[in-house]
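For the record, the sequence lines run as chains B and G. Each residue of the first sequence is one higher than the one before, starting from 1 at the first, in this note's numbering. Each residue of the second sequence is one higher than the one before, starting from 1001 at the first, in this note's numbering. Worksheet for the structure shown next.
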Amino acid sequence: MEKVNVVIVGAGAGGGVVAKELAQAGLTVVLLERGEWPHYDDNNDDELYSQRTPVLGNPYGPDDLRHRRVVVNGDGSTRVVVPSDGAYNNNAGCVGGGTVSYGAMAWRFMPQDFRLRSIYGDVPDSTLADWPISYDDLEVFYEKAEYEIGVSGDYTDNPFCGPRKKPFPMPAFPMNKEGNLVVETTKRMGLHPFPVPMLRNSVPHNGRPACIHMRYCVGFACPVNAKSGTHNTVLPIALATGNCQVRTGCVASEIIVDDHGRARSVRYFDADGKAQEQTADLVVISASATETARLLLNSKSKLFPNGAGNNNDWVGRNLQGHLYVGASGLMEQEIYDDSGPGTTVAISDYNHGNPGLVGGGMLATEFTSMPNNFCGIRPPGEARWGKAHKDFQRRYYKRLVRLIGPIQEIPNFHARVTIDPVVKDAWGIPVCRLSGTRHSYDIRLGDFLADKAEAIIKEMGATRVWRNGPGMWLSGGQHQAGTCRMGNDPKTSVTNRIGQVHDIDNLFIADGSLHVTNGGFNPVLTIMAMAYRVADAINTGWKGSKFK
Amino acid sequence: MRPNHSESSAEVKPDGLTRRSLLKLSAASILGASFGMGASIGITRWNRTAPPAYLFFSGAEAKTLIAMCEQIIPADDTPGATDAGVIHYIDRQLIGIFTRHQVTYRKGLEALHKTCLRVYQTAFENLDFKRQTATLCLLETNQAPKECWGDQSQSEFFNLVIDHTRQGFYGSPRYGGNKNYVSYRMLGLAYPNLIGQNRYSASRPG
């Protein structure tokens, strides 16, 4: 197979951006993606077959037939799980990755999120550290992501965000009924509500139409192409350069690192299951925090006998996602207005500066809850079946209010991805083994934020209010991050400050794996901005055959 | 119809239909049935045997499970699980993506049957509504006679049926349940969902 300049593994939020930037700069790029191109008409109005509630499987992959993971239970026993099982901690497998079916909240992390250790000090039994870069280093790339991929928002009423040079490229989405009530209530409480920024067109933008507010949104591809992902923005540009080839149905199995410590190629199985090898000058891995770690760990070589970049045993460590907490309430009057995607307002008052606490998280109203999903939304002690269940559904489906949010988790060394010694996937590749739990500090922070949400819901006038409190399970899921953290010291990180793996000059990472901490916000815009930054470093530093 | 005729022999039927077009029509009728559009005209006269009512369950198992599902979502002034066809949702998934739950259903339904014979000397579906409810409350808290259940967990079985009943009742009709969109009507949700179709204008609802 002909050598190219760059082979990228994974066409999601990170890989799509890198492919576009490098192809535009004139490098030849092969992008390997395990899934397929999504289609608008994949949206089938079907709650049971959605990426968010995959009762009958994940419509945007990966499938339950060919994929497996092993989960280590609290008592040390293990179990094998499939992607539609929550414990698998799945992220979508298709061109565009999670950006096809995501909820599309477009958060920048706050400046403090990059400096938690300096601001708050150490947390015992954690690997809490500052990022090796600052918000200011990333600001220009956040802006690029907002403009090129497309974000709607308005931070006029958000006094807590970091400085921005340009306004959002599109106006914010309007509030729905629930959002208006939250705005009114939180303002009365002295808080600062503002519209949720969205990777979604509020007005026609970049040749795609405006959002039509359907309820089947999060968990689905957009049927009118108003949701902004890498599949419908940067990737078409990459392809139009003529320098980029996307190979779908291709499952990477190993990065070949030569005896001089240089990445030579990526081995993969093509759509027909045939073993292939793509040689390249540069290798970029953007397969998600779990799969990137797996690929590195499965890539053993003379100089890296424990996996690429893993001589200090940091690959796969510090797995984190987001602990979501909040509160729910039931109103006397109907508040549901069938205006998807449903979440419209957020507050950032509790992300930082909480007395005695390390960081915090934002709170936002929730995406529209589908009828089956709503069966699980109940105050404690409420009947799960019988006439009482039915009465609750009828009475409250349109009277639910919710505020929930992600707290920035405290990373720990024991929440991790390793390789299972026995179980393999359909291609014979050893699978991820997930072990550990989140840090106990997260529970404290989660309780704090849930209390705040509860107070707001009560103030909104809900008749019944209950907390959605924290639990200790392993974190990961669609917000998975942290497994190949960037840092200045090779002994306590996997890559340097530009995403280059320590001691393997031509191997880069561009996904959530790089995150030292994961912010009290949905991480996708940061993954995109970081990918722009990694690509910028490659374009600046790559001199034909050597780096630097 | 002769058995063992090959695909390639374009066998001509008295009314001029070839075997190929018959196959096409049969496929259409299967699709039609699964989308609730009814069988196409002219198909039934070639069906020598009626299709089985269920793909996985026996008739007896289905009777018990239908009664169970109706307990979980009972009919009152709006339709319940039976009207919605929840049994068909579960039945179909059990030979598909829920294959892993087959044993739980088979053993669970048998154990429930034994339990009712032992306590009431009759099948679950023959009990009056209140006694059915009381029996399921026992399952929910693992208090039915242990010797009827062996290594099958009562509450796990019941929880699985609760989950699947709700999915069948509230999920898309394309899987066999939620017949005539009964749950969407009950919740006051517009269906089919017009918002989101390319042919409609981008106006905000409400």
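From the three backbone atoms N, C-alpha and C, an ideal C-beta is built for every residue, glycine too.
What number of angstroms, rounded off, separates the C-alpha of Gly98/B from the C-alpha of Val251/B?
-> What you label residue 98/B is simply residue 98 of the first sequence in a count that begins at 1. What you label residue 251/B is simply residue 251 of the first sequence in a count that begins at 1. Approximately 17 Å, taken between the alpha carbons.
For Tyr268/B, does the three-state DSSP call read helix, strand or coil?
-> Walking along the first sequence from the start, residue 268/B turns up at place 268. Residue state, collapsed to three classes: strand.
Within chain G, the residues that Trp473/B reaches when beta carbons sit closer than 7 Å | Along the first sequence, read from residue 1 onward, the residue named residue 473/B stands at position 473. Simply none; closest approach about 19 Å.
Contained alpha helix (DSSP H) runs [length at least 4] in the region 1080-1161 of chain G, N- to C-terminal order = 1081-1084, 1086-1094, 1102-1120 and 1129-1140
If you draw a straight line from the alpha carbon of Ser253/B to that of Arg267/B, how long is it in whole angstroms?
-> Stepping through the first sequence from its first residue, residue 253/B is reached at position 253. Stepping through the first sequence from its first residue, residue 267/B is reached at position 267. If I take the Cα positions, the gap works out to 6 Å.
Using a C-beta to C-beta distance shorter than 9 Å, which residues of chain B count as neighbours of Tyr1170/G?
-> Counting from one through the second sequence, the residue named residue 1170/G turns up at place 170. Per Cβ cutoff of 9 Å: Glu47, Leu48, Met370, Pro371, Asn372, Asn373, Phe374, Cys375 and Gln393.
Over what stretch of residues does the alpha helix (DSSP H) that includes Leu444/B continue unbroken?
-> Your numbering for residue 444/B matches position 444 in the first sequence. Residue 444/B is actually Arg in this sequence, not Leu. Tyr441 to Glu459 is the span of the alpha helix (DSSP H), which, as asked, contains Arg444/B.
Can you tell me whether DSSP reads Ala364/B as helix, strand or coil?
-> Residue mapping note: residue 364/B aligns to position 364 of the first sequence, counting from 1. Ala364/B: strand per DSSP, three-state reduction.
Would you kindly work out how many angstroms separate the C-alpha atoms of Ile285/B and Asp511/B, rounded to a whole number?
-> As a position in the first sequence, residue 285/B is number 285, starting the count at 1. As a position in the first sequence, residue 511/B is number 511, starting the count at 1. About 8 Å.
Could you check the C-alpha separation between Thr1104/G and Asp1163/G for me, to the nearest Å?
-> As a working mapping, residue 1104/G is identified with position 104 in the second sequence. As a working mapping, residue 1163/G is identified with position 163 in the second sequence. Roughly 14 Å between the two C-alpha positions.
Contact check, Ala372/B vs Tyr1170/G under 8 Å by CB: the rounded distance?
-> Reading the first sequence from its first residue, position 372 is the one you call residue 372/B. Reading the second sequence from its first residue, position 170 is the one you call residue 1170/G. Looking at the sequence shown, residue 372/B is not Ala but Asn. Right, their Cβ atoms sit about 4 Å apart.
Local conformation of Ile410/B per DSSP, three classes | Here the question's residue 410/B lines up with position 410 in the first sequence. Coil at Ile410/B, not helix or strand.
Roughly how many angstroms separate the alpha carbons of Ser288/B and Leu1109/G, rounded to a whole number?
-> Counting from 1 along the first sequence, the entry for residue 288/B is found at position 288. Counting from 1 along the second sequence, the entry for residue 1109/G is found at position 109. Going from the Cα of Ser288/B to the Cα of Leu1109/G covers about 42 Å.
May I ask you to verify whether the region 48-64 of chain B touches the region 411-419 of chain B, counting CB pairs closer than 8 Å and requiring at least 3?
-> no
Can a CB atom of chain G be found closer than 9 Å to the CB of Ser77/B?
-> The residue labelled residue 77/B in the question sits at position 77 within the first sequence. Not closer than 9 Å to any Cβ of chain G, the Cβ of Ser77/B fails to qualify, so no.
Contact belief for Leu330/B with Arg394/B at Cβ below 8 Å, rounded distance in angstroms | The residue given as residue 330/B occupies position 330 in the first sequence. The residue given as residue 394/B occupies position 394 in the first sequence. That pair is no contact at about 13 Å.
Straight-line Cα distance separating Ile149/B from Asn206/B = Position 206 of the first sequence, counting from 1, holds the residue named residue 206/B. Position 149 of the first sequence, counting from 1, holds the residue named residue 149/B. Going by the C-alpha atoms only, they are around 9 Å apart.
Starting from the beta carbon of Leu56/B, find every residue of chain G whose beta carbon is closer than 9 Å, and list them in chain order.
-> As a first step, residue 56/B must be located in the first sequence, where it is residue number 56. The contacting residues are Gln1093, Gly1096, Ile1097, Phe1098, Gln1167, Gly1171 and Tyr1175.
Given Ser1288/G, which residues of its chain have a CB within under 8 Å of its CB, disregarding the five upstream and five downstream residues?
-> Residue 1288/G falls outside the range modelled here, since chain G spans only 1001 to 1206, and no answer is possible.
According to DSSP, which residues form a beta bridge with His205/B?
-> Here residue 205/B refers to the residue found at position 205 of the first sequence. Paired residue(s): Arg208/B.
Answer yes or no: does any C-beta atom of chain B fall closer than 9 Å to that of Asp1076/G?
-> Looking up residue 1076/G in the second sequence gives position 76. Answer yes: the Cβ-Cβ gap between Asp1076/G and chain B drops below 9 Å somewhere.
List in chain order: all unbroken alpha helix (DSSP H) runs of 4+ residues lying wholly within the region 3-80 of chain B.
-> 13-24
Outcome for Ala462/B when other beta-carbon atoms lying within 10 angstroms are tallied against a minimum of 16 | Taking the first residue of the first sequence as 1, we reach residue 462/B at position 462. Result: buried.
Any chance you could list the alpha helix (DSSP H) runs of at least 4 consecutive residues sitting entirely within the region 226-257 of chain B, in chain order?
-> 234-240
Specify the secondary structure class of Phe1056/G as computed by DSSP and reduced to three states.
-> Counting from one through the second sequence, the residue named residue 1056/G turns up at place 56. Note: Phe1056/G maps to coil in three-state DSSP.
Exposed unless 16 or more other CB atoms sit within 10 angstroms - verdict on Leu65/B = The residue labelled residue 65/B in the question sits at position 65 within the first sequence. By the neighbour-count rule (16 or more Cβ atoms within 10 Å), Leu65/B is not buried but exposed.
Whole runs of the alpha helix (DSSP H) within the region 463-548 of chain B, excluding any shorter than 4 residues = 524-541
Any alpha helix (DSSP H) of 4 or more consecutive residues that is wholly inside the region 278-344 of chain B | 289-297
Taking Cβ-Cβ distances below 8 Å as the criterion, which residues of the region 1176-1187 of chain G are in contact with chain B?
-> Ser1183, Tyr1184, Met1186 and Leu1187
What is the rounded straight-line gap between the Cα of Met530/B and the Cα of Gly405/B?
-> Position 530 of the first sequence holds residue 530/B. Position 405 of the first sequence holds residue 405/B. About 23 Å.
Distance, Cα to Cα, Lys144/B vs Glu21/B?
-> Taking the first residue of the first sequence as position 1, residue 144/B is located at position 144. Taking the first residue of the first sequence as position 1, residue 21/B is located at position 21. Each residue's alpha carbon lies about 11 Å from the other.
Is it buried or exposed for Gln278/B, if we count other Cβ within 10 angstroms and need 16 for buried?
-> For the purposes of this step, residue 278/B is taken as the residue at position 278 of the first sequence. Classification of Gln278/B: buried, given that the 10 Å Cβ count is 16 or more.
Please determine, among Ala25/B, Val358/B and Asp313/B, the residue with the shortest C-alpha to C-alpha distance to Phe448/B.
-> Stepping through the first sequence from its first residue, residue 448/B is reached at position 448. Closest option to Phe448/B, Cα to Cα, is Val358/B.
Short check: CB of Ser475/B to CB of Arg438/B, under 9 Å?
-> Here residue 475/B corresponds to residue number 475 of the first sequence, with the count starting at 1. Here residue 438/B corresponds to residue number 438 of the first sequence, with the count starting at 1. For Ser475/B and Arg438/B, yes; Cβs fall inside 9 Å.
Reduced DSSP category for Phe160/B - H, G, I as helix; E, B as strand; rest coil | Within the first sequence, residue 160/B is the residue found at index 160, counting from 1. Coil, per DSSP.
What residue range is occupied by the uninterrupted alpha helix (DSSP H) comprising Leu391/B?
-> To locate residue 391/B, count along the first sequence from 1; it is residue 391. First, the amino acid is wrong: residue 391/B is Asp here, not Leu. Segment Lys387 to Tyr396, the alpha helix (DSSP H) holding Asp391/B.
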